[in-house]
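Residue numbers (UniProt numbering): 1 to 186.
All C-beta atoms in this analysis are idealised placements derived from N, C-alpha and C, irrespective of residue type, glycine included.
In this text, all values refer to a predicted model and were calculated from it rather than measured experimentally.
In what follows, a structure is listed as structure tokens, so that the remarks can point back to it.
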Amino acid sequence: MRTTTAVRPGGRSARVQQAVHDAVRQLADEVERDQLTIPLIAERAGVTPSTVYRRWGSLKELMAHVAAERLKPEAEPQDTGSLAGDLLAWAGEFMEDMVSLPGQQVLADALGSTDAALKGRCRQWQCDQVSLFLARAHARGEIVSCDIDTLLDLIMGPLTYRLSYAPDTVSESWLRRCIARALGSM
Numbered sequence: 001m002r003t004t005t006a007v008r009p010g011g012r013s014a015r016v017q018q019a020v021h022d023a024v025r026q027l028a029d030e031v032e033r034d035q036l037t038i039p040l041i042a043e044r045a046g047v048t049p050s051t052v053y054r055r056w057g058s059l060k061e062l063m064a065h066v067a068a069e070r071l072k073p074e075a076e077p078q079d080t081g082s083l084a085g086d087l088l089a090w091a092g093e094f095m096e097d098m099v100s101l102p103g104q105q106v107l108a109d110a111l112g113s114t115d116a117a118l119k120g121r122c123r124q125w126q127c128d129q130v131s132l133f134l135a136r137a138h139a140r141g142e143i144v145s146c147d148i149d150t151l152l153d154l155i156m157g158p159l160t161y162r163l164s165y166a167p168d169t170v171s172e173s174w175l176r177r178c179i180a181r182a183l184g185s186m
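Written as structure tokens, this is what we have:
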């Protein structure tokens, strides 16, 4: 008789992922980035290098997964009282985080992934945030005729591009113009 084992949330797989992610973050504070290797990370995490390779495939993908965790929202975004204000607070915080040197590396790592599921999760986090902003705006009685994709395309698209290639060109006033264009295009 063959039995199957159910995957347990928080089981061994989750513990391994947490240990490896923690090891990457700790080692990033201790050694130069070009000295990070999968064997070094595996040793710190208490797993074999083959475990890391099997799960992430390469150092690049591992770094992308660790970076993506930093992009995941930690709390519900603040309600500023308007859709434009909510978008500015949210995108402005992202801009401030990603314009720093560590933020630049996080962004480069996350965008460098070829893992479609990882990219999908990052996009979904942004969709969830914008959906919340739109729901709040509707509840306040704001006339809103824009959708999630349009807001992401006209705000986060240019912001991510500029943060990636010309971080010195972003500013709060530039971001305000992006938001005004996005909301005015509806």
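Q) A67 and D109: beta carbons closer than 8 Å? A) yes
Q: Please name the residue in A135, L40, D34 whose C-alpha comes closest to that of H21.
A: The shortest Cα separation from H21 among A135, L40, D34 belongs to L40.
Q: Taking the CB atoms as reference points, tell me whether A137 and V130 lie closer together than 8 Å.
A: no
Q | Whole-angstrom distance between E43 and G120, CA atom to CA atom | A | 30 Å
**Q.** Anticipated Cβ contact below 8 Å, A64 with L118, distance rounded
**A.** 6 Å
Q | Stretch pair the segment 71-91 + the segment 44-63: three plus CB contacts closer than 8 Å | A | no
(Q) To the nearest angstrom, how far is the alpha carbon of G81 from that of G11? (A) 41 Å
**Q.** Residue environment, Q18, which counts as buried when at least 16 other CB atoms sit within 10 Å
**A.** exposed
Q | C-alpha distance - W125 paired with V31, whole-angstrom precision | A | 31 Å
Q. Would you call L159 buried or exposed, if buried means 16 or more other Cβ atoms sit within 10 Å of its Cβ?
A. buried
Q. Expressed to the nearest angstrom, what Euclidean distance is found between the alpha-carbon atoms of A45 and A14?
A. 13 Å
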